[in-house]
Amino acid sequence: MTSVKDAATKAKTTVTAGDNVVVTPTTNADGSSNYQVATAKDVNFDRVTVGSVVVDKATNTINGLSNKTWNGTAVSGQAATEDQLQAVSDAQKATDDAAVKYDNPLTKDKVTLGGAGSTTPVTLTNVKAGAVNSTSTDAINGSQLHGVADSVKNAIGGSTTIDATTGAITTSNIGGTGSNTIDGAITSVKDAATKAKTTVTAGDNVVVTPTTNADGSSNYQVATAKDVNFDKVTVGSVVVDKATNTINGLSNKTWNGTAVSGQAATEDQLAAVDSKLGGLDDAAVKYDNPLTKDKVTLGGAGSTTPVTLTNVKAGAVNSSSTDAINGSQLHGVADSVKNAIGGATTIDATTGAVTTSNIGGTGSNTIDGAITSVKATTDKGINFGGTTGKNNYALGSDINVKGDSNITSTTVAGGVQLGLGDTLNVKDAINVGSGTSKIKIDGTTNTIGGLSNKTWNGTAVSGQAATEDQLQAVSDAQKATDDAAVKYDDPLTKDKVTLGGAGSTTPVTLTNVKAGAVNSSSTDAINGSQLHGVADSVKNAIGGSTTIDATTGAITTSNIGGTGSNTIDGAITSVKDAATKAKTTVTAGDNVVVTPTTNADGSSNYQVATAKDVNFDKVTVGSVVV
């Protein structure tokens with residue numbers, strides 16, 4: 072009996088709890104013992120290693136993470152690495168270095184190109200034409216300044232030129248007077264008008280009506296007859312011919328699709344339109360039924376040869392979308408499926424088909440097969456027992472030592488040796504270290520706290536988990552860049568920039584702008600010195616006592632050409648009035664050209680004939696009546 076008692080004593084197995092483990096003993100129905108072994112709700116380690124990932128009490132860091140690159144898409148809840156933070160920080164720094172910023176991001180009242188305090192002018196190009204009115208705060212580009220200068224040049228006429236770099240206007244010998252200023256030219260004309268004495272003789276197809284002015288001088292009203300008759304009318308290369316009753320020589324032989332209202336068409340244009348109509352119909356993509364417009368077959372209704380439709384903009388992807396989807400969107404869907412499946416999954420670059428093989432190492436090429444394989448393996452159960460020794464305790468036997476996914480057990484003489492598994496699943500928390508400096512992986516809040524790498528110097532420790540403190544530093548830097556940056560009103564269209572921010576009505580100074588090109592195609596921004604240059608050149612062209620307002624650039628004129636008038640229009644009117652009061656005046660009526668000559672006694676003679684460009688109520692050439 073003693074021998075039996077000793078054997079029974081030695082057969083008894085006990086299980087005691089160590090650190091981070093909870094043991095729950097129970098008694099089976101037959102009186103044998105059962106031990107439920109599990110990890111504690113809250114565990115505490117000096118160091119936790121999961122594969123290459125190390126959570127270290129000594130440094131209060133997590134290292135060895137593999138997610139070191141950043142593609143712009145977050146895996147929700149996954150710890151970031153300093154490598155990823157470095158990528159975001161570098162991108163933010165590149166944006167900050169390249170950004171055009173307000174001198175003061177709070178007031179947003181001034182932008183210095185090149186940076187606050189810069190004295191090296193910077194070209195601002197691709198500037199959209201701004202509104203030109205009394206309340207406009209839009210930037211003006213070079214083509215607009217050139218347009219203003221060109222309109223002034225055209226208004227002055229003659230040999231007036233524009234400097235292609237500065238936009239300055241230069242005049243010379245205005246109106247053949249020998250004067251280089253409008254003031255001087257008007258003075259010259261005014262002096263000449265007082266010396267006028269003329270006679271008028273009538274040429275073909277004109278009517279001369281003499282009258283006597285109040286001061287006794289003669290006035291001749293010269294005009295073409297209302298009804299004129301020619302055998303042949305030639306205007307440049309255009310000939311209206313009585314002999315053939317045709318109009319020939321028109322130059323508008325080609326057709327660009329835009330009509331010049333009221334202009335006669337040529338048979339060449341009619342032929343071109345007829346030809347293009349046929350070509351357009353052949354090339355057009357058309358509805359199969361132009362009435363219902365419910366189907367379009369590329370290649371034409373009934374075609375069975377597929378046609379490539381390219382340059383398709385990405386369509387909206389939602390439950391109500393009817394947009395066409397392009398290849399990159401389909402690839403994105405296939406790629407997301409590929410990534411979701413993982414493993415050796417591939418995408419066919421032509422068809423977008425997703426191919427899987429040996430999913431999860433199961434040997435199966437389908438998800439269904441892989442899951443079936445895993446289920447079959449799972450259904451076999453676990454033979455629970457020691458890894459060494461002669462005793463084998465299957466589940467349900469007299470001695471049951473049950474662990475969970477965190478516990479391993481080894482049968483040894485006199486008992487069971489328990490240890491932690493390679494993978495831990497703790498419901499509440501894992502503590503690495505102790506006291507206030509410990510790292511805590513909290514299963515309740517799904518967070519990791521206590522990391523020591525809280526500051527960010529712009530250099531990543533590869534594979535180390537980043538903290539929200541570091542993320543805050545990068546976020547603050549990005550926000551500072553965003554607050555100071557000059558941005559498009561709409562980042563998608565990029566067609567407008569409002570200084571001060573979209574919707575702002577407080578004008579902002581844009582300074583250090585390099586002189587932009589001044590030509591008809593320029594989109595460069597124009598600076599104040601260029602506008603002053605144009606104003607100064609106009610001032611010089613007008614001459615006299617013309618002045619420029621130093622703030623607005625407005626030009627003020629007074630007593631132009633000694634006429635007493637402060638406007639060019641008024642000065643010319645004054646000269647015109649003076650000419651009217653001369654001994655003899657000649658005024659041209661419709662459709663005539665007056666050619667002056669000097670008589671033997673020094674007085675003027677005017678030969679009057681029809682102009683090269685005429686306008687009649689009626690023109691008869693043979694049987695052709697216009």
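Quick note: the sequence shown uses my numbering, first residue 72, plus one each step. Virtual Cβ for every residue (Gly too), placed ideally from N, Cα, C.
Determine, using beta carbons only, whether residue i and residue j come nearer to each other than 8 angstroms.
{"i": "Leu156", "j": "Gln488", "result": "no"}
{"i": "Asn131", "j": "Leu522", "result": "yes"}
{"i": "Gly758", "j": "Asp101", "result": "Outside the displayed span of the chain (72 to 697) sits residue 758, for which this structure offers no information."}
{"i": "Ile253", "j": "Gly624", "result": "no"}
{"i": "Thr628", "j": "Ser645", "result": "no"}
{"i": "Lys224", "j": "Ile245", "result": "no"}
{"i": "Ser289", "j": "Thr295", "result": "no"}
{"i": "Thr152", "j": "Ala536", "result": "yes"}
{"i": "Thr577", "j": "Gly571", "result": "yes"}
{"i": "Gly632", "j": "Lys313", "result": "no"}
{"i": "Ser444", "j": "Thr427", "result": "no"}
{"i": "Thr242", "j": "Ala612", "result": "yes"}
{"i": "Gly414", "j": "Asn429", "result": "yes"}
{"i": "Val293", "j": "Val309", "result": "no"}
{"i": "Ser510", "j": "Lys128", "result": "The question names Ser, but residue 510 is Ile in the sequence shown. Cβ atoms of Ile510 and Lys128: closer than 8 angstroms."}
Please return the same chain residues whose Cβ sits closer than 8 angstroms to the Cβ of residue i, not counting the five positions on each side in sequence.
{"i": "Gln149", "result": "Asn138"}
{"i": "Asn583", "result": "Thr183, Leu184, Gly185, Ser189, Thr190, Thr191, Pro192, Val193"}
{"i": "Asn590", "result": "Gly213, Ser214, His217, Ala235"}
{"i": "Val16", "result": "The requested residue 16 does not occur in the structure, where the chain is confined to residues 72 to 697."}
{"i": "Ser399", "result": "Ala385"}
{"i": "Tyr256", "result": "Sequence check: residue 256 is Ala here, not Tyr. Excluding positions up to five away in sequence, the list reads Ile245, Gly246, Thr248, Ser250, Gly632."}
{"i": "Val75", "result": "Since pLDDT at Val75 reaches only 43, below the 50 mark, its modelled position is unreliable, and no value is offered."}
{"i": "Ala544", "result": "Thr526, Trp527"}
{"i": "Lys565", "result": "Tyr559"}
{"i": "Asn437", "result": "For the sequence presented, residue 437 should be read as Thr rather than Asn. Cβ neighbours of Thr437 beyond the five flanking positions: Thr427, Ile430."}
Quick one: what's residue i bridged to in DSSP?
{"i": "Asn319", "result": "Val310"}
{"i": "Gln678", "result": "Thr272, Thr666"}
{"i": "Leu581", "result": "Val182"}
{"i": "Lys525", "result": "Its beta-bridge partners do not exist; DSSP assigns none."}
{"i": "Gln488", "result": "Thr481"}
{"i": "Ile418", "result": "Val425"}
{"i": "Ile233", "result": "Ile240"}
{"i": "Ala596", "result": "Asn212"}
{"i": "Asp127", "result": "Arg118, Thr132"}
Please identify the residue among the options whose C-alpha is closest to the C-alpha of residue i.
{"i": "Ala548", "options": "Ala536, Ala200, Trp527", "result": "Trp527"}
{"i": "Ile626", "options": "Asp648, Gly635, Leu602", "result": "Leu602"}
{"i": "Ala621", "options": "Thr479, Val125, Lys610, Ala239", "result": "Lys610"}
{"i": "Gly247", "options": "Thr152, Asn284, Ser259", "result": "Ser259"}
{"i": "Ala385", "options": "Asn276, Asp607, His402, Lys112", "result": "His402"}
{"i": "Val664", "options": "Gln107, Leu581, Val279", "result": "Val279"}
{"i": "Ala586", "options": "Val605, Thr577, Thr422", "result": "Val605"}
{"i": "Val108", "options": "Asp90, Ser123, Ser322, Gly122", "result": "Asp90"}
{"i": "Thr617", "options": "Ile639, Ser600, Gly599", "result": "Ile639"}
{"i": "Lys172", "options": "Asp553, Asp648, Asn630, Asp661", "result": "Asp553"}
{"i": "Lys567", "options": "Val93, Gly333, Gly201, Ala285", "result": "Gly201"}
{"i": "Gly307", "options": "Asn99, Ser322, Asn630, Asp221", "result": "Ser322"}
{"i": "Ala220", "options": "Gly660, Ser608, Ser636, Ile619", "result": "Ser608"}
{"i": "Asp339", "options": "Gly320, Gly333, Ser332", "result": "Gly320"}
{"i": "Gly373", "options": "Ser636, Asp359, Asn410", "result": "Asp359"}
{"i": "Asn517", "options": "Val92, Ser147, Ala129, Asn115", "result": "Ser147"}
{"i": "Lys550", "options": "Pro176, Asp127, Ala145", "result": "Pro176"}
{"i": "Ser435", "options": "Ala420, Thr422, Thr416, Thr421", "result": "Thr416"}
{"i": "Ala187", "options": "Gly371, Lys647, Asp174", "result": "Asp174"}
If you drop the 5 nearest sequence neighbours on each side, which residues of the same chain put their C-beta closer than 6 angstroms to that of residue i?
{"i": "Thr569", "result": "Asp560, Ser575"}
{"i": "Val198", "result": "Ala210, Asn212, Thr594, Ala596"}
{"i": "Thr668", "result": "Asn676"}
{"i": "Thr97", "result": "Asn105"}
{"i": "Gly467", "result": "With a pLDDT of 40 at Gly467, under the threshold of 50, the modelled position of this residue cannot be trusted; read the value that follows with caution. Cβ neighbours of Gly467 beyond the five flanking positions: none."}
{"i": "Ala588", "result": "Gly213, Asp595"}
{"i": "Ser123", "result": "Gly135"}
{"i": "Gly229", "result": "Ile245"}
Can you give me the Cβ contacts of residue i inside the same chain, cut-off strictly under 7 angstroms, excluding the 5 residues immediately before and after it?
{"i": "Thr538", "result": "Leu522, Asn524, Lys525"}
{"i": "Trp141", "result": "Gln155, Ala158, Val159"}
{"i": "Asp365", "result": "none"}
### Any 3 or more C-beta pairs closer than 8 angstroms across the stretch 176-186 and the stretch 149-164
Counting C-beta pairs with one atom in each stretch, the stretch 176-186 and the stretch 149-164 have fewer than three that are closer than 8 angstroms, which means they do not touch.
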